[in-house]
Each structure stands twice: as structure tokens, then as C-alpha cells.
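Heads up: the structure comes next, in C-alpha cells.
Protein chains: 2
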Amino acid sequence: MPSNQQILLDNRPTGDAVASNFKLTSSQTPTLKDSEVLVRHHFLSLDPYMRGRMNDSKGYTAPQALGEVMIGGTVGEVVESRSPKFAVGDKVVGMGGWQHYSVANAEQLGALRKVDTTYVPLSHYLGAVGMPGVTAYYGLVKIIDAKAGQTVAVSAATGAVGSAFAALAKARGCRVVGIAGGPDKCKYAIDELGFDACIDYKLHDNAGSLSKAIKAECLNGIDGYFENVGGMVLDAVLPLMNAFGRIALCGMIAGYNGKPVPMTYPALILMSRLKIQGFIVSEHMEVWPEALKELGLLVGSGKLKPRESVAQGLAAAPEAFLGLLKGKNFGKQIVKLI
Amino acid sequence: MPSNQQILLDNRPTGDAVASNFKLTSSQTPTLKDSEVLVRHHFLSLDPYMRGRMNDSKGYTAPQALGEVMIGGTVGEVVESRSPKFAVGDKVVGMGGWQHYSVANAEQLGALRKVDTTYVPLSHYLGAVGMPGVTAYYGLVKIIDAKAGQTVAVSAATGAVGSAFAALAKARGCRVVGIAGGPDKCKYAIDELGFDACIDYKLHDNAGSLSKAIKAECLNGIDGYFENVGGMVLDAVLPLMNAFGRIALCGMIAGYNGKPVPMTYPALILMSRLKIQGFIVSEHMEVWPEALKELGLLVGSGKLKPRESVAQGLAAAPEAFLGLLKGKNFGKQIVKLI
Numbered sequence: 000m001p002s003n004q005q006i007l008l009d010n011r012p013t014g015d016a017v018a019s020n021f022k023l024t025s026s027q028t029p030t031l032k033d034s035e036v037l038v039r040h041h042f043l044s045l046d047p048y049m050r051g052r053m054n055d056s057k058g059y060t061a062p063q064a065l066g067e068v069m070i071g072g073t074v075g076e077v078v079e080s081r082s083p084k085f086a087v088g089d090k091v092v093g094m095g096g097w098q099h100y101s102v103a104n105a106e107q108l109g110a111l112r113k114v115d116t117t118y119v120p121l122s123h124y125l126g127a128v129g130m131p132g133v134t135a136y137y138g139l140v141k142i143i144d145a146k147a148g149q150t151v152a153v154s155a156a157t158g159a160v161g162s163a164f165a166a167l168a169k170a171r172g173c174r175v176v177g178i179a180g181g182p183d184k185c186k187y188a189i190d191e192l193g194f195d196a197c198i199d200y201k202l203h204d205n206a207g208s209l210s211k212a213i214k215a216e217c218l219n220g221i222d223g224y225f226e227n228v229g230g231m232v233l234d235a236v237l238p239l240m241n242a243f244g245r246i247a248l249c250g251m252i253a254g255y256n257g258k259p260v261p262m263t264y265p266a267l268i269l270m271s272r273l274k275i276q277g278f279i280v281s282e283h284m285e286v287w288p289e290a291l292k293e294l295g296l297l298v299g300s301g302k303l304k305p306r307e308s309v310a311q312g313l314a315a316a317p318e319a320f321l322g323l324l325k326g327k328n329f330g331k332q333i334v335k336l337i
Numbered sequence: 000m001p002s003n004q005q006i007l008l009d010n011r012p013t014g015d016a017v018a019s020n021f022k023l024t025s026s027q028t029p030t031l032k033d034s035e036v037l038v039r040h041h042f043l044s045l046d047p048y049m050r051g052r053m054n055d056s057k058g059y060t061a062p063q064a065l066g067e068v069m070i071g072g073t074v075g076e077v078v079e080s081r082s083p084k085f086a087v088g089d090k091v092v093g094m095g096g097w098q099h100y101s102v103a104n105a106e107q108l109g110a111l112r113k114v115d116t117t118y119v120p121l122s123h124y125l126g127a128v129g130m131p132g133v134t135a136y137y138g139l140v141k142i143i144d145a146k147a148g149q150t151v152a153v154s155a156a157t158g159a160v161g162s163a164f165a166a167l168a169k170a171r172g173c174r175v176v177g178i179a180g181g182p183d184k185c186k187y188a189i190d191e192l193g194f195d196a197c198i199d200y201k202l203h204d205n206a207g208s209l210s211k212a213i214k215a216e217c218l219n220g221i222d223g224y225f226e227n228v229g230g231m232v233l234d235a236v237l238p239l240m241n242a243f244g245r246i247a248l249c250g251m252i253a254g255y256n257g258k259p260v261p262m263t264y265p266a267l268i269l270m271s272r273l274k275i276q277g278f279i280v281s282e283h284m285e286v287w288p289e290a291l292k293e294l295g296l297l298v299g300s301g302k303l304k305p306r307e308s309v310a311q312g313l314a315a316a317p318e319a320f321l322g323l324l325k326g327k328n329f330g331k332q333i334v335k336l337i
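Protein chains in written order, with numbering that gives the first Met the number 0: chain L, 0 to 337; chain V, 0 to 337.
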């Protein structure tokens, strides 16, 4: 039984999340029962949704329990198996949490999925060819329903969701405009991710000013918008939406700390006859196969070149996560555990 | 050529609309050309959307032109015809505007529609069996997609849209909860319109208090909401929406005066995975036949008993309209012209 290091949620944030909300502990991995599999994690995924789970309030799902291992997506290798479905050495993706090892029941549908690392590096199954990629797919294809020639926009453009969104939208013949923080990210969005334009929101201190800058790159208005951020960025985009525009609402980072961030002019939803839809991709498992297939081909063929921010070692996870919430990551934030 | 009295938009409101924005004039009705029809109006419809048209700003459609007859739905009788499609004496519904007579081109699709007054009184074609009724139908059936056993709610419950909404929702086996202003309207909603409950928003001076009162009548939450008002009422309903709830956004009276009325907690759209959709029913002509058929049957069979607020004479239209914007009407606001 190998020794396991784990990060627990020790106490809930009041306001901003802080490092002392987390606690590093260690334990022995348990002896496997029939049909169980022991996975050694190579990479842990850090994602904004985790902040929502840290609150003890109504949200997508149940809050993260106190004193338990923080939830999180993981990729790794099977090191012990009591299931005929998985062999030692298999590369797998699952929800192993913030720890070095996890035990999964192979009989539980969707708990563990074998992946092929021939053309797609293992860590990308946490990003472009994983939950964030499918999130971009669902928003673009199922909510925005983007058509060739339309203009679509996305905030947090260089993140895991934003970069997959751009590749998927370009493949459909759309004009894709990003919104990101800082000149480096904006340059990267255009040079490496295929965005037609990218606006640096940090150059603007109010929605009106930001809106003008976005408008200059969206001369035909915006038909579809994928919202990862909320707040000022949403206020800036709303007046630019064309009649019958669609907004996929996936992230409201600005609201996670419990302070409500209002939408300044909701009457625009009516005036422009918009559809705004919130979603969480784990509730739409039916789209995962088609989405992962397209995303795998985009990565394998080099049309989607996802960037990663890699933190080293489990102990670095809390600081990396807090940085993610402040937009300090550049690309998909992961933690390398091996 | 009979003499025609007309009300024009004389100047645009700054802030609240006032009576002096309008101007009463008279003119001769023109000589008819081929395929034209002269209609004498019996009733003029007053509706909240007219306030939006009075502004010179982006909205549903082009603003109401200054110095022109105010736009509005009318029912009346053909008094002269140069079209084989209409005979003198036909009862018709159209968009005749704020005047006693209008000329319609019978060849223009949808300009004039013959109606049958055997079971449905003429004026109801401006309300329950007209644009407001179809508006309720579109929101309930096409956006909310209400199912038996679900709870649906509507603001401005005793208005033309709200009362049609209740009858259509009861016919589908829903629990229907209304929100209205004052004890008389709430009693009427329950006693005459078939609402299961009705909450008096005037008893509450903040969204939290109103929300608690609505919650007490929606113990299983709210699956579908039809918004005619916006502002505090929308803020009160949003936290009560069930996961995957649908909101049809049809009216934002509170925002028409140009002052933005924020949505306090838009993060709820994401947390509860809601769909919010703005619409204007004249852009969905394909649903009118099925909607009018069901609404006509509901009125003819007495299951929908629409109430009307009747102002007497064209000169009374501006004050009646301003009262409508303040919720002074009780039921569908019309003006009797004959």
C-alpha cells in the first residue's frame, strides 16, 4: 500500500478563498476490493468551478464536504487492478481529486475512462480533450448554434475553454473575437490560437470603454457569446449582441465570492430578443463522445494547440488555484504530480 | 370622405411619458385606391410596447415617427371597400393606430384580418384572442414549454397577457401563480381567472420580502416564469427558479424610461442553469393560427374570462395609456371609439 498525500478542504472561505482554507495530509492507500482500481495521478486539473463548491450554499451540486479531499479531475496510470476492465499501465482520466492516488470502482459508469496517448499528450485530457473542451463545444454547438459567417466572442480567451472555443468556431467558418487580460495573452490568442482579434480588458476600467473596443472588432455585431467571466465584461458585450443572439453562460468568476455582481441593463435581453442560457457540461453527457472526437482530431492535427500553466507538486496546488481565480494562469492550469 | 380624428406623437419623452407628448388633430380620410379598404375603428388597443416605440433608440423595431399617428392595434368595421376580399360590414382586426378611421391595403399580407363575433366579442380580438393572448401562448408553449404538474408564474397577472397565460397553463395541468398589484387584482386573479395563488407585490418594498411571499405559494419552486415587468419582481423570482427553469421575457416596463434597472444576481442563471429568452410575438407569425384557435375556444367556452378597462373616446387615450404604464388599468386596456 503506497503512501498517499492529499489536500483537504479544511474550512470555508469568507470572501476571497485563501491558502489556509486547504490542508495537506497523508494517509495509506486502502486495500482494493473486487472491481476496484488504484490510479496513480500524473496530473491534477484546477478549474474555476471548484471555488463554487467551496461555499456552503446552493450551487450546481452539493458543496465540497469539509475535511474531505478536494474534488478535481485527474489523469494517471493504473498501478493496481481488481477489475478485468483495466490493466496495470492503462492511462486513465477520472475525478481522482487533489491527491497522488485514488481508488475507482470500475463498475461505476463513467468513473474511469481509458485514453489513448498516441497523438494526444496525457495532460490534454484534462483540458482541450476533456471537460473544458467539451464545455466549449456544448456552448458553441448546442446553445450558440454558430453558423459560418457569424461573429462569436469568448471571454477568458486563452484559457482551456476559450482556446478550444476558438478552434471549434474557426472550423465552422465563424469570425472569433477573444477577450483576455494583458498584451501577452492577446498576442498569443491571435498568433497561436487562431482568434481573428483579441481585446485586452485590462486597458479599460468601465464597461462602456471596453464595449467600444470590442465593437471596433465586431463591425457586424456579435451573434453568439460564450461567457466565462461575468460582471463588467458581460455588461460590455450585451449592447453589441445582434437581434436573436445567443449567450452561453458558463462562468461567473466575479460572483463566486458571494458578492452579487449585477447585470446593469437586462432590458437588452428583451430589446435584442436574446437567449441567455446557463449550463454545466457534466449534466449533458450525451454530447461528450461527439465533442471529444472532434477535439481529439483538432489537437492531433495541430489545429488546436492548447497551452498549459503547470504547477509542480501537490503542495503547490492551493496557490496555483488561487492564482487561477485571479487570472494569473496562462492557458489550462494543471498540477504535475509525478 | 368622413372626417378623421387622430392622435400623433408630437415630441419624445424625457424620463416619464406625459400627456403633452401627444397631439390630437383631425383630417379628411383619403379617397381609396384599388384594393384599399376604409375601416371605422370600434376599439383601440393600448399596450406597454408603445412606450418603447416613443424613444428614439435601439429597440424592437424602428421608433414611432414624430408627427405621425401613434401605432396601435384596432378592431372595427369595413365602411368602404375597393377590394373583393372585404365587404362593407365585415368585422376586422388590424394595426389602424390611434384614430377613428384607417385605410388598409387588402393585398398586403396580414394587414387586415376578418374575425367572427358569434362567440367572441369584437374587443377581445385586441386582447385574449389577439396579440396579448398569442404573446402568452408563445411564452408558455414555445419558451417555457410547460408540462403538467409544473409550477409556472406570471407578473402583471390580471392584464391581458397574464389572464390568457393562466387559462393556457391551467389547460396544461400546471400550478399557476400570479403576481399583481393590490388586493382587488389578487382576489380577481384567483376568483375569476383561475390562478391557484396570487401575490400582491405592493405589500413588499424589497425583492427579498417579495421573494419570501412568492416562495410560500411555490413550495416546489418555479419551473417557468413569464416576465411582464422586470426590476424588483424579476429579482424576487430568480432565486426561486428550479434547476433548468425557463424565463420568457416579454416586458420590462421598469426599464422603458431609459434608466437601466439592473438584474441584481445574474449568477443565478448559471447556478440554476436557467434559460432566459426575450421575444416579440410579431416576429413569430407561424404560431398565430394555432394560438388564436386555442384562445378563441377558451374564451368561447368561458374558461378564459378576460377583463377590460375601457376608456371612452379617442381624446382619453393618452391618459389611459399613461395609467397603463403605472399599472392603473385592471385587465386589458382599450379605448372605445364608437
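Glycine is no exception: its CB is placed at the ideal position from the N, C-alpha and C atoms.
What residues of chain A sit near residue 113 of chain V, judged by a beta carbon separation below 7 Å? Given the protein chain composition of this structure (L and V), no chain A is represented.
Closer than 9 Å between beta carbons: that is the criterion. Which residues of the segment 256–271 of chain V meet it against chain L? 259, 260, 261, 262, 263, 264, 265, 266, 267, 268, 269, 270 and 271
Alpha helix (DSSP H) runs contained entirely in the segment 175–214 of chain V, provided each spans 4 or more residues: 182–190 and 206–214
Can you find a C-beta in chain V that's less than 9 Å from the C-beta of residue 282 of chain L? Taking the first sequence and counting its residues from 1, one reaches residue 282 of chain L at position 283. With 9 Å as the cut-off, residue 282 of chain L counts as an interface residue toward chain V.
Rounded to whole angstroms, what is the Cα-Cα separation between residue 185 of chain V and residue 157 of chain V? Taking the first residue of the second sequence as position 1, residue 185 of chain V is located at position 186. Taking the first residue of the second sequence as position 1, residue 157 of chain V is located at position 158. Residue 185 of chain V and residue 157 of chain V: Cα-Cα distance of roughly 8 Å.
Residues of chain L with CB under 7 Å from residue 275 of chain V, in chain order? Residue numbering aside, residue 275 of chain V sits at position 276 when the second sequence is read from its first letter. Within chain L, the residues near residue 275 of chain V are 268 and 275.
The segment 270–287 of chain L touching the segment 232–251 of chain L, judged by at least three CB pairs closer than 8 Å: yes
Could you tell me which of V:65, V:115, V:1 and V:54 sits nearest to residue 37 of chain V, measuring between CA atoms? Taking the second sequence and counting its residues from 1, the one referred to as residue 37 of chain V is at position 38. The candidate whose alpha carbon is nearest that of residue 37 of chain V is V:1.
Can you find a CB in chain L that lies within less than 9 Å of the CB of residue 330 of chain V? By 1-based counting over the second sequence, the position of residue 330 of chain V is 331. With 9 Å as the cut-off, residue 330 of chain V does not count as an interface residue toward chain L.
Is it buried or exposed, residue 19 of chain L, if we count other Cβ atoms within 10 angstroms and call 16 or more buried? Position 20 of the first sequence, counted from the start, is the residue given in the question as residue 19 of chain L. Residue 19 of chain L comes out exposed.
Could you check if residue 135 of chain L is buried or exposed, using at least 16 other CB atoms within 10 Å of its CB as the buried criterion? As a first step, residue 135 of chain L is located in the first sequence; it is residue number 136 there, counting from the start. Residue 135 of chain L should be labelled buried.
With distance defined between alpha-carbon atoms, name the residue in L:40, L:231 and L:61 nearest to residue 205 of chain L. Along the first sequence, read from residue 1 onward, the residue named residue 205 of chain L stands at position 206. When each option's Cα is compared against that of residue 205 of chain L, the closest is L:231.
So with CB distances below 7 Å, who are the chain L contacts of residue 279 of chain V? Position 280 of the second sequence holds residue 279 of chain V. The answer, in chain order, is 272.
The segment 214–230 of chain L: which residues have C-beta closer than 7 Å to a C-beta of chain V, in chain order? 229
Contact set for residue 67 of chain L: own chain, Cβ-Cβ below 8 Å, skip 5 residues either direction: The sequence position of residue 67 of chain L within the first sequence is 68, counting from 1. If we look at residue 67 of chain L and ignore the five residues flanking it on each side, its Cβ neighbours are 7 and 8.
Assuming residue 34 of chain L contacts residue 82 of chain L under a Cβ cut-off of 8 Å, what Cβ separation, rounded to an integer in Å, is found between them? Start at 1 with the first residue of the first sequence, and residue 34 of chain L comes out as number 35. Start at 1 with the first residue of the first sequence, and residue 82 of chain L comes out as number 83. That pair is a contact at about 5 Å.
Inter-residue spacing [alpha-carbon to alpha-carbon] between residue 281 of chain L and residue 313 of chain L: Translated into the one-based positions of the first sequence, residue 281 of chain L becomes position 282. Translated into the one-based positions of the first sequence, residue 313 of chain L becomes position 314. For residue 281 of chain L and residue 313 of chain L, the distance between alpha carbons rounds to 25 Å.
Determine the contact status of residue 92 of chain L and residue 73 of chain L, defining contact as a CB-CB distance below 9 Å. As a working mapping, residue 92 of chain L is identified with position 93 in the first sequence. As a working mapping, residue 73 of chain L is identified with position 74 in the first sequence. Closer than 9 Å, so yes.
Do residue 336 of chain L and residue 128 of chain L count as a contact pair if the criterion is CB distance below 9 Å? Numbered from 1 along the first sequence, position 129 holds the residue referred to as residue 128 of chain L. Numbered from 1 along the first sequence, position 337 holds the residue referred to as residue 336 of chain L. Their beta carbons are not under 9 Å apart, which means residue 128 of chain L does not touch residue 336 of chain L by this criterion.
Going along the chain, which unbroken runs of the beta strand (DSSP E) with 3 or more residues stay wholly within the segment 11–47 of chain V? 21–27 and 35–44
Taking all protein chains shown into account, decide if residue 244 of chain V is buried (16 or more other Cβ within 10 angstroms of its Cβ) or exposed. Translated into positions along the second sequence, residue 244 of chain V becomes position 245. Label assigned to residue 244 of chain V: buried.
Contacting positions in the segment 311–326 of chain L - beta carbon closer than 7 Å to chain V: none
Mind checking residue 5 of chain L: buried by the 16 CB within 10 Å criterion, or exposed? The count along the first sequence starts at 1 and reaches residue 5 of chain L at position 6. Buried: at least 16 other Cβ atoms inside 10 Å.
How long is the line joining the alpha carbons of residue 189 of chain L and residue 165 of chain L, rounded to whole angstroms? Position 190 of the first sequence holds residue 189 of chain L. Position 166 of the first sequence holds residue 165 of chain L. Straight-line Cα distance between these residues: approximately 10 Å.
At 4 residues or longer, and completely inside the segment 289–326 of chain V: list those alpha helix (DSSP H) runs for me, N to C. 316–324
Neighbouring residues, chain V, relative to residue 251 of chain L (Cβ below 9 Å): Position 252 of the first sequence, counted from the first residue, corresponds to residue 251 of chain L. The answer, in chain order, is 265, 266, 268, 269 and 270.
Excluding the five sequence neighbours on either side, which residues of its own chain have a C-beta within less than 7 Å of the C-beta of residue 53 of chain V, listed in chain order? Along the second sequence, one-based indexing puts residue 53 of chain V at 54. The answer, listed in chain order, is 8, 11, 12, 16, 20 and 63.
Cβ closer than 9 Å: which chain V residues qualify as neighbours of residue 237 of chain L? The count along the first sequence starts at 1 and reaches residue 237 of chain L at position 238. In chain order: nothing, as chain V lies at least about 10 Å away.
When the Cα atoms are used, what is the spatial distance from residue 177 of chain L to residue 311 of chain L? The residue labelled residue 177 of chain L in the question sits at position 178 within the first sequence. The residue labelled residue 311 of chain L in the question sits at position 312 within the first sequence. Going from the Cα of residue 177 of chain L to the Cα of residue 311 of chain L covers about 29 Å.
For residue 65 of chain V, decide whether its Cβ has a neighbour in chain L, counting only Cβ atoms nearer than 9 Å. Position 66 of the second sequence, counted from the first residue, corresponds to residue 65 of chain V. Not one chain L Cβ lies under 9 Å of residue 65 of chain V.
For residue 331 of chain L, count neighbouring C-beta atoms within 10 Å of its own C-beta (all shown protein chains included) and say buried if the count is 16 or more, exposed if not. Taking the first residue of the first sequence as 1, we reach residue 331 of chain L at position 332. Looking at its Cβ environment, which holds 16 or more other Cβ atoms inside 10 Å, residue 331 of chain L is buried.
Between residue 209 of chain L and chain V, is the shortest Cβ-Cβ distance under 9 Å, so that the two count as touching? On the first sequence, position 210 is the one that residue 209 of chain L refers to. Closer than 9 Å: no.
Could you check where the alpha helix (DSSP H) with residue 231 of chain V kicks off and where it finishes? Here the question's residue 231 of chain V lines up with position 232 in the second sequence. Note, residue 231 of chain V: alpha helix (DSSP H), 231–236.
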